[in-house]
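When you read off a place in the sequence shown, starting at 1, and then add 1, the result is the number in our numbering. As structure tokens, the structure follows; a few thoughts come after it.
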Amino acid sequence: MASLKASAEFRASSPKGSTQDEIASDAPQLRELAQKFPNLLIYTPSAEAYEQVRPYFNAAVTQQPLAIARPRSVQEVSAVVQEAQSKAIPFGIRVGGHDMTGKSVRVGGGAVSINLAKFLNEHDLVTPHGCAFYGLGVDQVLGAKLVLAGGRVVDTDDHPDLLWALRGAGNGTFGIVVELRLKLYDPTAFLGGLVGFPSNETANVLAKFGEFERDLPVNFTGEISQMTLPGVGPLLVWIFAWTSDDDSLEEGWAFLEKLKSLGTPLSDTVAQVDDYTFFNSFPYPANVHWYLRLRAVEYLSSEVSQVIADNLAPGPASVTVIHKVHGRALGENPGACFPLRKPHRLVNPTAAVSDASTQASDFEEYKKWARGFVEELSDEGLALPYGYRNLGPDEDTNWVATYGEETLARLKDIKLKFDPDNVFDKGHPRL
């Protein structure tokens with residue numbers, strides 16, 4: 002069985018942690034842990050690197066934790082959990098080997114997806130993040146290793162019920178995932194890029210697309226964004242992705258022309274590219290303050306399209322992302338708890354500013370826009386009751402409508418089995 006191991010260039014590096022004296026001064030509760038594991042990276046507020054590792058992707062999240070630990074081994078993760086429990090220190094989880102023959106990859110905790118994509122690309126392999134052609138991301142998970150409350154390490158190979166729960170409800174709910182095993186695929190010909198239309202065509206273009214989106218080809222995955230581009234202005238943008246069944250892209254090019262015929266395309270960057278190049282062409286801006294809201298809708302009806310057109314994203318950083326679930330993402334999987342396997346769209350208005358200190362009033366206005374947007378979809382009777390908690394606040398996700406009472410009951414039983422004291426109380430869904 003052939004195997005590969007990623008070199009250091011594919012791994013996210015960490016700055017130097019706090020000294021023993023800094024830990025003793027800032028977080029004396031962790032002094033014993035630091036002495037027992039001197040190589041464990043712990044960052045306390047007086048450490049030079051604290052503000053380097055503290056910021057979240059969403060700069061609007063400004064918590065100042067007592068300390069930040071970056072374990073680099075399963076043993077260190079286990080030790081941190083045990084120490085926090087024994088000293089009653091509240092904690093939360095924050096995340097940032099290969100089998101070539103069996104087409105799987107083993108990913109350690111803290112792995113960055115762009116590094117994984119780059120590594121796999123160099124070996125002519127891909128793993129999907131969730132798309133119409135390959136299916137949902139949760140369905141690519143073959144297994145996992147977790148550190149549970151008390152520091153115990155378990156593998157889902159020995160606990161199939163835990164694997165079922167992780168596939169759709171494992172966001173810090175049952176333990177700390179320190180390893181994932183994912184399916185890999187041989188890449189086929191791929192088209193990727195952006196297609197932009199003027200914002201004043203939003204309602205018409207979306208409604209026309211909605212007329213045939215219930216019969217979209219499985220090869221097409223296209224996120225839609227309404228945004229403002231510097232030097233261009235407000236645009237309606239398709240993130241176009243076409244995965245071929247083989248090496249022929251004729252149908253993909255034809256579908257691109259069909260999409261462009263819906264309006265007056267101002268830009269078209271679609272080209273034949275590889276998975277990594279496409280993935281790497283959408284860098285997320287750093288230090289942006291985000292406020293996300295969410296509503297699910299059945300499809301892009303003329304009514305939904307008009308609401309979107311009437312609520313264009315304000316300011317240079319705000320954006321509305323419109324996700325689509327179709328194709329193999331709808332395939333039933335009794336080995337996964339994820340329930341939303343029916344055609345739907347997610348409308349995700351996101352207020353954003355790059356500097357909250359100088360744009361505080363703007364940020365509040367943009368938040369009002371996002372709230373008003375989702376409320377209008379609900380008031381017009383266009384919103385479905387379920388949602389995705391990772392794309393919006395608790396108030397935008399009805400857990401019973403999303404998972405169903407039977408699935409929620411089973412998840413609660415698994416929670417009691419693996420985390421009876423609710424040590425991991427900050428994950429979701431709330432169980």
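Cβ atoms here follow ideal geometry from the backbone N, Cα and C, with glycine treated the same way.
Beta-carbon spacing of LEU147, VAL196 below 8 Å | no
Beta-bridge pairing of LEU280 - partner residues as DSSP gives them | Rather than Leu, the amino acid found at residue 280 in this sequence is Phe. Answer is none; PHE280 lacks a bridge partner.
Reduced DSSP category for GLN485 - H, G, I as helix; E, B as strand; rest coil = Residue 485 lies beyond the stretch modelled for the chain, which goes from 2 to 432, so this question has no answer here.
Taking the alpha carbon of ALA28 as the point to measure from, which residue in TYR57, ARG73, ALA85 and VAL54 has its own alpha carbon closest?
-> ALA85
PHE283 classed as buried or exposed, judged by whether at least 16 other C-beta atoms fall within 10 angstroms | exposed
Counting only the same chain and skipping the five closest in sequence on each side, list residues whose C-beta sits under 6 Å from that of PRO350.
-> ARG294, THR321, ALA371 and PHE374
Exposed or buried, GLY200, counting other C-beta atoms within 10 Å across all chains shown (16 or more means buried)?
-> At residue 200 the sequence reads Ser, which differs from the Gly that was named. Buried, since its Cβ has 16 or more Cβ neighbours within 10 Å.
For the segment 166 to 246, list the alpha helix (DSSP H) runs that are entirely contained and at least 4 residues long, ordered along the chain.
-> With a minimum length of 4 residues, the continuous alpha helix (DSSP H) runs that stay inside the segment 166 to 246 are 203 to 211.
With distances taken from CA atoms, which of PRO317, HIS327 and ALA310 is nearest ARG215?
-> HIS327
Report the partner residues of ILE69 according to the DSSP bridge assignment.
-> TYR44
Reduced DSSP secondary structure (H/G/I, E/B, other) of PRO350 | strand
Assign ARG168 to buried or exposed, taking buried as 16 or more other Cβ atoms, counted over all protein chains shown, within 10 Å of its Cβ.
-> buried
Beta-bridge partners of TRP291, as assigned by DSSP | Residue pairing by DSSP places TRP291 opposite ALA353 in a beta bridge.
Under the three-state DSSP convention, the category ALA361 falls into = helix
Which residues does DSSP pair with VAL127 in a beta bridge?
-> According to DSSP, which records beta bridges pairwise, VAL127 is partnered with TYR186.
Status (buried if at least 16 other CB within 10 Å, exposed otherwise) for ASP422 | exposed
Comparing alpha-carbon positions, which option in ARG55, SER74 and PHE221 lies nearest CYS132?
-> Comparing Cα positions, the closest option is PHE221.
Which value, in whole angstroms, describes the spacing of the CA atoms of SER379 and GLN76?
-> 48 Å
Beta-carbon contacts of VAL305 that lie in its chain and below 6 Å, excluding the five residues immediately before and after = Closer than 6 Å at Cβ, skipping near neighbours: VAL298 and LEU383.
Starting from the C-beta of GLY171, find all residues in its chain whose C-beta is less than 7 Å away, skip the five residues before and the five after it, and write them out in chain order.
-> Within the same chain, GLY171 has close Cβ partners VAL178.
Beta-bridge pairing of CYS132 - partner residues as DSSP gives them = GLY136
Distance, Cα to Cα, TYR300 vs PRO315?
-> 24 Å
With DSSP as the reference, label MET101 as helix, strand or coil.
-> Here the model assigns MET101 a pLDDT of 36, short of 50, so the residue's position is not dependable and the matter cannot be decided.
Can you list, in chain order, the residues of its chain whose CB lies under 6 Å from that of GLY194, leaving out five sequence neighbours each side?
-> PHE241, THR270, VAL271 and ALA272
Terminal residues of the beta strand (DSSP E) in which LYS325 lies = 320 to 326
What span of residues does the alpha helix (DSSP H) with VAL82 cover, start to end?
-> 75 to 87
Would you mind working out which of LEU432, THR398 and PRO231 sits nearest ARG459, comparing C-alpha positions?
-> Absent from the model: residue 459. The displayed extent of the chain is 2 to 432, so no value can be given.
Hey, PHE92 and ASP420: beta-carbon distance below 8 Å or not?
-> no
Can at least three beta-carbon pairs, one atom from the segment 147 to 158 and one from the segment 337 to 351, be found at a separation below 8 Å?
-> no
CA nearest to the CA of LEU217, picked from ALA118, ARG153, PRO344 and ASN116 = PRO344
Should ILE24 go down as buried or exposed, given a rule of 16 or more other Cβ atoms within 10 Å for buried?
-> buried
Inspect the beta-carbon positions of LEU207 and ILE309 and report whether they are closer than 8 Å.
-> For LEU207 and ILE309, yes; Cβs fall inside 8 Å.
Would the beta-carbon of GLY232 fall within 8 Å of that of LEU192?
-> no
From VAL468 to LEU409, what distance separates their C-alpha atoms?
-> In the structure as shown, the chain starts at 2 and stops at 432, and residue 468 therefore has no counterpart that could be examined.
For ASN423, which three-state DSSP category applies?
-> Coil at ASN423, not helix or strand.
In the structure shown, what three-state DSSP assignment does SER262 receive?
-> coil
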